[in-house]
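If you're matching them up, the sequences are chains P and F in order.
Each residue of the first sequence is one higher than the last, beginning at 492 in the numbering used here.
Each residue of the second sequence is one higher than the last, beginning at 16 in the numbering used here.
Built from N, CA and C at the ideal position, the CB exists for glycine as well.
Notes for the one structure printed next.
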Amino acid sequence: MSNMRTINFTLNGQEVSADIEPHRNLVELLQRFDLFGARESCGQGLCGCCTVLVDGKAVSGCLYFAVWVDGKSVTTVESLDAEGVLSIVQQAFIECGAFQCGFCTPGFVLMVHQLLKEHPSPSDDDIRHYLSGNLCRCAAYPEIIEAVKVAARRA
Amino acid sequence: MKQVGREIPRLEVRAKVTGRADYVHNLRLPGMLYGKVARATVPHGRIRRIDTASAQKIPGVHRVIAGEDIRKLIAEPYYGPAFHDQPILALNKVRHVGEPVAVVLASDPHVAERAAQMIAVEYDELPAVYDEVAAMQPDVVVHDMLKPAGTFADLKHLKGRTNTNVALDYHLRRGDLDAAMARADRVVEHTFKTQQCLHLALEPFVSVAEPGDGVLTIHTSSQTPSFVRTEIARLFGWPENRVRVKVPHLGGGFGAKVYVKLEALVAALAVLVRRPVKIALTMEEQFYMITKHPTTFRIKSGVDRDGKVVARACEVFWNGGAYADIGPRVTQKSGFTAAGPYDIDNINIDSYELYTNRTPAGALRGFGIPQLVWAYESHSDLLARELGIDPVEFRRRNVLREGRPQASGTAMKDAAIAQVLDAIAARMGWSKPFDRGHGTMRRGRGIAIGFKASISPTTSVAIVNVSADGSTTLYTSTVDMGQGSDTAFAQMVAEILDLAAEDVRVVHPDTDVTPYDMGTLGSRSLFHMGNAVRLAAEDARDKLRALAAEAGLPEGTNYPPAEIFKKRYGMQAGNIIGTASFVPTYKSPNAQTGLSDNVTPFWMIGGAGVEVEVDTETGAVRVTKLVNAADCGTPINPAIARTQLSGAAIMQLGFTLSEDMRLDGGQVTNASLADYKIPGIRDIPPMENVLVEAEQHSGPFGAKGLGESGTFGVSPAIANAIHDAVGVRITSLPITAEVVLRALRAQAGKPLEDE
């Protein structure tokens, strides 16, 4: 299981490189950089807990091979509070109580960032459609929908 | 400023939205090995041979360990809260598909996974039993002999019993059932069933054991750190102080992560190889750990002509799977509420926990109550129909009023049953005209209410530490898995010590530091630990006053703590440690009658009202309105309380409409989120969440627990609404479109062919 490959990519704005075997996924790669916000849960790309943005587009980190990010730009939830200031979406999630255990929250937060980029004033249908690939077993869905609306108003 | 009643966000919000919250999943230790479990492929069989040679040969494998290796370390490697029946790794026999048989340890989890697939096990297959009613007959016996743990008095009589699958039989006898049934105007009987489903926390089970100098540290995603410590110490024959259990944030629990799950396994492995060991399950593996009991409930009622229930007989069969876990407690604790929140003079309850060859069943958000409410509230509706009485009115005539004895003989106190019923009826506009739909789209509505006793006997201990600058830290072993206990406790401490809740630091469970708590389960934390926290904060306040007196400060003056410390010790030095334990009074049910006049410290009340649309061509059911109401006493943080109610109801919506763990020849056929559907954001109906005005006089600041109350009424309210819409009665969960369509076609005399 060797076959180490060297990859170069941008991680949250920083140029980085890593030696990694081709069978490892993006979540494992991020863990090497002590980033734990993307979490493998279902392992099938169905729950959204492992959401990461690659070149600005959301991918499931559990299904995305680490070597594929070679030459690309990777953005994780840890980049959103640069300088210690929460993003509008993160702030809205707090105000609306849009999570309980918090395990799925980074995935939702990243998806909502992408949603608001594409639909600045999303309808309920837009929100439900866009977030249908993120699961929350604590079922904070009504509060998440509310948080998206609050964030959209402020964005 | 008043702290109790404030709707502040949870204390840990920042860590959670930034992805920096600490979960066991994040933990990596120097020299750590990853364990991958090889699991049983047959539902019931004697192990003839375990061949680990090819696995051991894979480069990078550190060691392969099977049951007999564990037995060299621990002579009796069986654990469990009610029965010592579960081997750390299978010994001699396997009892369900997916049971752990061996473990591969490697520095790379992928290597361990590949090697685990190379382990070959030969079995002599045995006949298996899957159904709870069939298991009443000892044609197939899952355990050769019953081994109660000794913790619970009412299990002692089962010790050494052979040739049975009954892991607990609970019987309640109140009044004279036969005479009352004979006198009743009408006697109606139904049978209801529930399916096997499971918690599926998005953070699957994960535990790490770290051997150290004279202490074994276990980092684990657990709801019961104190129990883990006691049980691991017992297994090794060590004093408790040689085991340290630490729990950071939990990515969901819902009753799955109680008692011992992976902890005994990682502990034994770490001690055997003298290195840290981590086991993190996959989503699929969660289907082989712990589930919710499937049930069969036969319920029979005698009613008089005024619509008063005069007699009720309940026979409940709980499918506990291969190992008892906490199932026997479910059978008894929930069993005595099986007749519902109704004032009935003559009641028989027979409740049985059965071993079968399925994945074990234990606690899942409601501890058996949702299965019972499903039956008795579906039955209530059918009774009301039979009598031609409006279903809300029928319940009003029968509900237990304040002060009246419940089936067990314990009086209802601070139990807002009628208020919850009224709140649902009001929000549903029950007395107003209702649009019943037309053509192929029919509309209906239904309600249901349920109740639950809290856990007892039980103990909680809390410590409040006021530092010399006046800043305050709370130590408890309560696990905050998102329900908001840290925040609620901080609000209580702040209220008593005149602080802002945000400034109170809450230390997460670490049994070297935080004191004993029975467990974060059964909605017990806010009441039991809440009372301990309140008393500990009051103790700290009293000691601060005493310190002020020692320092010569005049009585009654309101010096800030920092000044008291400075005056007493001449500098910023010292501590005040406030501590308290809370142990409610309790009387065990009588062994013959099952009765007790003090069976619970408080009652939880919850209910739901539902409107549905049923497509008569496809059987598809759409919930168009869901009203959830509960009595949680006086909430400490109403905003968090409402999210608990809402989250519980949505979870139960999944157990009602889609979730179903399917078996074929003992094999789980849908062990993934692709095939086992939990509610997503598109499945959420319009909802209203109502906390009725109430007070729990024995609770901290009038509060009581509510993590489960939102689950109680959802399933039967939906079945009742479907009946109202299209006239068919669904008696088994889940209620899929296919189930409804089959019922509609059968009703029309054109039944669909079987699969």
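Residue i (DSSP reduced to helix, strand or coil)
i              : result
M16 (chain F)  : coil
G34 (chain F)  : coil
M492 (chain P) : Confidence in M492 (chain P) is poor, its pLDDT being 49 and thus under 50, which makes the residue's placement unreliable; the coordinate value appears in the next sentence. Residue state, collapsed to three classes: coil.
M586 (chain F) : coil
N704 (chain F) : strand
N516 (chain P) : strand
E22 (chain F)  : coil
E368 (chain F) : strand
A772 (chain F) : Lying before the first or after the last residue shown, residue 772 (chain F) is absent from chain F, which here runs from 16 to 770.
S687 (chain F) : coil
A593 (chain F) : Sequence check: residue 593 (chain F) is Gly here, not Ala. In the structure shown, G593 (chain F) sits in a strand (DSSP, three-state: E or B).
P74 (chain F)  : coil
M507 (chain F) : helix
C627 (chain P) : coil
E299 (chain F) : helix
K692 (chain F) : coil
V144 (chain F) : coil
W445 (chain F) : coil
H610 (chain P) : coil
W333 (chain F) : strand
R460 (chain F) : strand
Nearest neighbour of residue i, chosen from the options [CA to CA]
i              : options                        : result
L187 (chain F) : F:V388, F:D501, F:L668, F:Y367 : F:Y367
P58 (chain F)  : F:A505, F:Y338, F:A430         : F:Y338
P254 (chain F) : F:P731, F:F382, F:S492, F:G229 : F:G229
E330 (chain F) : F:L26, F:A70, F:D365           : F:D365
T567 (chain P) : F:P115, F:V32, F:A734          : F:V32
G46 (chain F)  : F:R257, F:V28, F:P142, F:G227  : F:G227
L660 (chain F) : P:Q505, P:G552, P:P633, P:V580 : P:P633
R25 (chain F)  : P:E586, P:L521, P:I511, P:V580 : P:E586
V19 (chain F)  : F:W445, F:F617, F:S122, F:A718 : F:A718
S551 (chain P) : P:L517, P:L622, P:A638         : P:L517
R259 (chain F) : F:G355, F:L250, F:L265, F:R244 : F:R244
D557 (chain F) : F:N573, F:T502, F:L104         : F:N573
W333 (chain F) : F:H205, F:S475, F:K323, F:A378 : F:A378
L296 (chain F) : F:I733, F:W445, F:F220, F:P163 : F:F220
P700 (chain F) : F:F98, F:Q421, F:E626, F:E91   : F:E626
A752 (chain F) : F:Q506, F:N704, F:A285, F:E674 : F:E674
E609 (chain P) : P:E569, P:A643, P:G598, P:F524 : P:A643
P263 (chain F) : F:A606, F:M533, F:G497, F:A555 : F:G497
Outcome for residue i when other beta-carbon atoms lying within 10 angstroms are tallied against a minimum of 16
i              : result
Y584 (chain F) : exposed
Q667 (chain F) : buried
E225 (chain F) : buried
E114 (chain F) : buried
A689 (chain F) : exposed
T817 (chain F) : Lying outside 16 to 770, the shown extent of chain F, residue 817 (chain F) is not represented and no answer is given.
I592 (chain F) : exposed
M586 (chain F) : exposed
K467 (chain F) : buried
H172 (chain F) : exposed
K261 (chain F) : buried
N735 (chain F) : buried
G175 (chain F) : exposed
Contacting residues, own chain, Cβ-Cβ under 7 Å from residue i (five flanking each side not counted)
i              : result
R628 (chain P) : none
E22 (chain F)  : N652, P653, A654
Within chain B, partners of residue i - CB distance below 7 Å
i              : result
H514 (chain P) : Annotation note: the requested chain B is absent from the structure, which comprises protein chains P and F.
Neighbourhood of residue i by C-beta, 6 Å cutoff - its chain only, sequence neighbours within 5 removed
i              : result
G452 (chain F) : R458
T306 (chain F) : Q211, L213, T374, A376
V639 (chain P) : V603, I618
A807 (chain F) : Absent from the structure is residue 807 (chain F), since the part of chain F shown begins at 16 and ends at 770.
L42 (chain F)  : V223, H234
Cβ neighbours of residue i in the same chain (closer than 8 Å, five flanking residues each side left out)
i              : result
M495 (chain P) : D510, I511, E512
V683 (chain F) : V112, G113, F302, Y303, T374, M676, R677
L606 (chain P) : P613, D617, I618, Y621, L622, V639
Run through the segment 620-666 of chain F for me and flag every whole alpha helix (DSSP H) of 4 or more residues, listed as ranges in chain order.
none
Secondary structure, beta strand (DSSP E): runs of 3+ residues fully inside the segment 518-597 of chain F
520-522, 590-597
Can you check the segment 527-568 of chain P for any beta strand (DSSP E) of at least 3 residues that lies completely inside it and give the ranges in chain order?
542-545, 548-551, 564-566
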